[in-house]
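Each residue of the sequence shown is one higher than the one before, counting from 1 in this note's numbering.
The C-beta atom is built at its ideal place from N, Cα and C for all residues, glycine as well.
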Amino acid sequence: MNEQPRGRAPELLTAPQEAPPAFFRRAAWTMPPPEPAGAGRLAEGDGVAPPGAGARCKRAYDGPVTNPFSLLAERWHPSPQHVRRAAMAALVMSVVIVVTGGAVRLTDSGLGCTTWPTCTDGSVTPTPAMGVHGVIEFTNRMLTYVLSAAVGWFILAARCCEPWRRSLTRLGWAQFWLVMSNAVIGGITVLTHLNPYVVSLHMVAALGLVWTALLGWERAKEGDGEPRLLVAPAIHRFAQVLVASIGALALVGTLVTGAGHHPGSAGTPRVSLDYDRLAQAHADLVFLAVGLTLAALLVFAAVKAPPAARARVRELFGLLLLQGVLGFVQYFTDAPEIMVGLHMLGAAVIWAAALRIPLALRTRAGIPAQAAAPSAELVA
Numbered sequence: 001m002n003e004q005p006r007g008r009a010p011e012l013l014t015a016p017q018e019a020p021p022a023f024f025r026r027a028a029w030t031m032p033p034p035e036p037a038g039a040g041r042l043a044e045g046d047g048v049a050p051p052g053a054g055a056r057c058k059r060a061y062d063g064p065v066t067n068p069f070s071l072l073a074e075r076w077h078p079s080p081q082h083v084r085r086a087a088m089a090a091l092v093m094s095v096v097i098v099v100t101g102g103a104v105r106l107t108d109s110g111l112g113c114t115t116w117p118t119c120t121d122g123s124v125t126p127t128p129a130m131g132v133h134g135v136i137e138f139t140n141r142m143l144t145y146v147l148s149a150a151v152g153w154f155i156l157a158a159r160c161c162e163p164w165r166r167s168l169t170r171l172g173w174a175q176f177w178l179v180m181s182n183a184v185i186g187g188i189t190v191l192t193h194l195n196p197y198v199v200s201l202h203m204v205a206a207l208g209l210v211w212t213a214l215l216g217w218e219r220a221k222e223g224d225g226e227p228r229l230l231v232a233p234a235i236h237r238f239a240q241v242l243v244a245s246i247g248a249l250a251l252v253g254t255l256v257t258g259a260g261h262h263p264g265s266a267g268t269p270r271v272s273l274d275y276d277r278l279a280q281a282h283a284d285l286v287f288l289a290v291g292l293t294l295a296a297l298l299v300f301a302a303v304k305a306p307p308a309a310r311a312r313v314r315e316l317f318g319l320l321l322l323q324g325v326l327g328f329v330q331y332f333t334d335a336p337e338i339m340v341g342l343h344m345l346g347a348a349v350i351w352a353a354a355l356r357i358p359l360a361l362r363t364r365a366g367i368p369a370q371a372a373a374p375s376a377e378l379v380a
């Protein structure tokens, strides 16, 4: 009779185990093999620990981590045209929210909902006693969800389109966080009882959203190669100066409104600056912007800038003339609500039109092949 040598345990016969399903492979964790004696300790004079020192566990599966975005991308492949339509929807909604926010102010509905994020202390929605002002303010808040849906559509379409262009998804997420931050600023506006400076910040953040939404729409029509200027760098810088003048014009315009006739609610404090002086400064910036735009028309024609860039300058020039007429009529007629509303719409459209000019002065190559996503990527 054979006997096992003393000091040795009998060997166990085990059947080979099958590999677990993919789901369990992703979630499985195993302990590393035991380290030899002394491993992980720093020898005298050593400056760093040896590889693997201090490790406690490692993943048994090193493949890509699955997340909802990658799962959707496996099943839905929108066309580039679909991505452009989604980007356009986000851009349109970013302009619409500027107009509806202005409507809240022009109808004295800024405090139609007396608190935030609810409408009243005891109700999420407006009550009948709050009248039409509560309905207007609450409707404007609900449009934030429509805007968020448009931005979400763009993010998902950009993520699922093949090849995946990370530049577009980054622009989509930038829009998302601007929407969220501006919603918080809107809440602070209500909680501070329409502080005019917070209201101005609310408008500036809305124009920032228009900027990123426009970039998303324009970039969806381009490649991802390095930008290449189609004109001399000095001409491109001149176009950027033109954009800066339009931005300054919009910024001072928010202060004029803050000192003007439509505070958003009765008894609301105004900007502590003279209204006539602010209006004059705003008019001076209008003349500067119109002069720079006229100069751009002449310079672009002289250097034979791309036809698209010249067309965009002509569009901006026409919009500025129309906006100037609206502004003068608004000033000399004590700022009727409809004129102020059209002026705010014009401000958003002019801002977008100006931003398109530098983009028309450069080109990008076709969409390159995308590198594989990193294994630990959890967000599109």
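Asked: Member of 177, 311, 136 whose CA lies at the smallest distance from the CA of residue 148; Found: 177
Asked: Local Cβ density within 10 Å of residue 117, reported as buried at 16 or more and exposed below that; Found: exposed
Asked: Reduced DSSP category for residue 252 - H, G, I as helix; E, B as strand; rest coil; Found: helix
Asked: Cβ separation of residue 227 and residue 362, assumed to be a contact under 8 Å, to the nearest whole Å; Found: 5 Å
Asked: Simplified DSSP state of residue 79, which is helix, strand or coil; Found: coil
Asked: Reduced DSSP category for residue 363 - H, G, I as helix; E, B as strand; rest coil; Found: strand
Asked: Contact check, residue 348 vs residue 319, beta carbons under 7 Å; Found: no
Asked: Buried/exposed call for residue 94, threshold 16 Cβ in 10 Å; Found: buried
Asked: Coil, strand or helix - residue 293 by DSSP; Found: helix
Asked: Close Cβ partners of residue 290 (< 6 Å) along its chain, the five nearest in sequence each way excluded; Found: 320
Asked: Cβ neighbour criterion (16 or more within 10 Å) applied to residue 238; Found: buried
Asked: Proximity below 7 Å, CB of residue 340 to CB of residue 72; Found: no
Asked: Three-state secondary structure assigned by DSSP to residue 66; Found: coil
Asked: For residue 175 and residue 328, the rounded distance between their alpha carbons; Found: 34 Å
Asked: Residue burial classification, residue 229 (beta-carbon count within 10 angstroms, cutoff 16); Found: exposed
Asked: Terminal residues of the alpha helix (DSSP H) in which residue 149 lies; Found: 131–160
Asked: DSSP-derived helix/strand/coil call for residue 355; Found: helix
Asked: Residue 209 beta carbon less than 7 Å from that of residue 249; Found: no
Asked: Counterpart residues of residue 123 in DSSP-defined beta bridges; Found: 120
Asked: Alpha-carbon to alpha-carbon, residue 358 and residue 302; Found: 17 Å
Asked: Enclosing alpha helix (DSSP H) for residue 182 [first to last residue]; Found: 166–191
Asked: Coil, strand or helix - residue 85 by DSSP; Found: helix
Asked: Alpha carbon of residue 152 to alpha carbon of residue 84, nearest angstrom; Found: 13 Å
Asked: Where residue 229 sits in the DSSP three-state scheme; Found: strand
Asked: Whole-angstrom distance between residue 88 and residue 199, CA atom to CA atom; Found: 27 Å
Asked: Which of helix, strand or coil DSSP assigns to residue 269; Found: coil
Asked: Euclidean distance between Cα positions of residue 272 and residue 185; Found: 21 Å
Asked: Whole-angstrom distance between residue 261 and residue 66, CA atom to CA atom; Found: 55 Å
Asked: Through-space distance from residue 242 to residue 160, alpha-carbon basis; Found: 36 Å
Asked: Among 75, 180, 170, 257, nearest to residue 215 - alpha-carbon criterion; Found: 170
Asked: Residue 39 in three-state terms, based on DSSP; Found: Bear in mind that a pLDDT of 48 at residue 39, under 50, signals an unreliable position, so the number given afterwards is only what the model happens to contain. DSSP places residue 39 in coil when its eight states are reduced to three.
Asked: Terminal residues of the alpha helix (DSSP H) in which residue 200 lies; Found: 196–219
Asked: Distance, residue 364 Cα to residue 304 Cα; Found: 19 Å
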